[in-house]
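Heads up: the structure comes next, in structure tokens.
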Amino acid sequence: MRRIIGNWKANGTAAAARALCAALPPPPAGVEAAVCPPFTALWAAREALGAGIGLGAQDVSPAAGGAFTGEVTAGMLRDAGCRLAIVGHSERRQHFGETDARVRAKLAACWREGLLPLLCVGETAEQRASGRAAEVLRAQVRGALEGAAPGPLWIAYEPVWAIGTGTPAAPPDCAAGLGAIREALSSAWPGAAVPLLYGGSVNPGNCADFWTAGGAEGALVGGASLDSAAFGAICRAAGEG
Ligand code: PGA
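Residue 320 in the working numbering is what sits at position 232 of the sequence shown, and the numbering runs on without skipping anything.
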């Protein structure tokens, strides 16, 4: 089973979401696909999505509900039809001060409500240049899972320097990053089965490299997921070989 998840980021009106979702071809057998529109377009996407493509959110509140102005809770996301939520994306860590403690609270919120968290981890260009990539990845996984009993989880390895740059990780770098993640996972949650995805400048032309040579079990796709033909082609490639 390969997983292809589209992260639309802060793009799209409800009408655009409806059009994009209506144009997505059903994923082939052996591929689990989902799209993560902005909160405001979740309902429109839900109505327009064909069978076989799931719905996810780009973020989730750690709060269960109540006096938390502006927050969208895991329960609300379930109500809107989401089965998963992205947690700890580097853009949230970078621009919105997302800490390991907040990531942990968001994972717990997902588990409380039966939402599958897709945890993102990744090193910056500077951390990579100074040879600290593996250490950073292990620390992010440890930080996210500290004190948590094993629960449903997917993890995406998203090197920050590969996101939106057109320069994806080379397959050996992808494999090395996934190896570091696996190492931290097996000490935090021995024996747990956690699918590992790759994200960062994935497109129809390079996607297969990440599962054939990079060791990933799917992809988290940003820019290319805004194009129905490109997202469809990535899903198709995931169903082959
Ligand atoms: P990208 O984004 O595919 O546009 O590089 C990936 C992501 O941020 O999840």
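Beta carbons: idealized from backbone N, C-alpha and C, even for Gly.
Item                                                                                                   : Value
Distance cut-off 6 Å: residue 316 Cβ against heavy atoms of the ligand PGA                             : no
Cβ pair residue 225, residue 265 closer than 7 Å                                                       : yes
Status (buried if at least 16 other CB within 10 Å, exposed otherwise) for residue 300                 : exposed
Near the ligand PGA: residue 251 beta-carbon under 6 Å from a heavy atom                               : yes
C-beta contact flag for residue 180 and residue 203 at 7 Å                                             : no
Neighbour-count burial assignment, residue 317, 16 or more Cβ in a 10 Å radius                         : exposed
Cβ-based neighbour list, residue 136, same chain, cut-off 6 Å, excluding 5 preceding and 5 following   : 106, 109 and 110
Any non-hydrogen atom of the ligand PGA within 6 Å of residue 288 CB                                   : yes
Length at least 4, wholly inside the region 261 to 313: the alpha helix (DSSP H) runs in chain order   : 295 to 300
heavy atom of the ligand PGA below 6 Å from residue 310 C-beta                                         : yes
Extent of the continuous alpha helix (DSSP H) run through residue 216                                  : 213 to 217
Segments of 4+ residues assigned as alpha helix (DSSP H) that fall wholly inside the region 175 to 230 : 178 to 183, 188 to 201 and 213 to 217
For residue 208 and residue 149, the rounded distance between their alpha carbons                      : 16 Å
Test item: CB-CB of residue 229 and residue 269 under 7 Å                                              : yes
Simplified DSSP state of residue 248, which is helix, strand or coil                                   : helix
Closest by C-alpha distance to residue 247, when choosing among 255, 130 and 241                       : 255
Bridge partners - residue 94, DSSP secondary structure assignment                                      : 123 and 309
Per DSSP, the bridge partner or partners of residue 143                                                : 123
Sub-7 Å separation of residue 284 and residue 91 beta-carbons                                          : no
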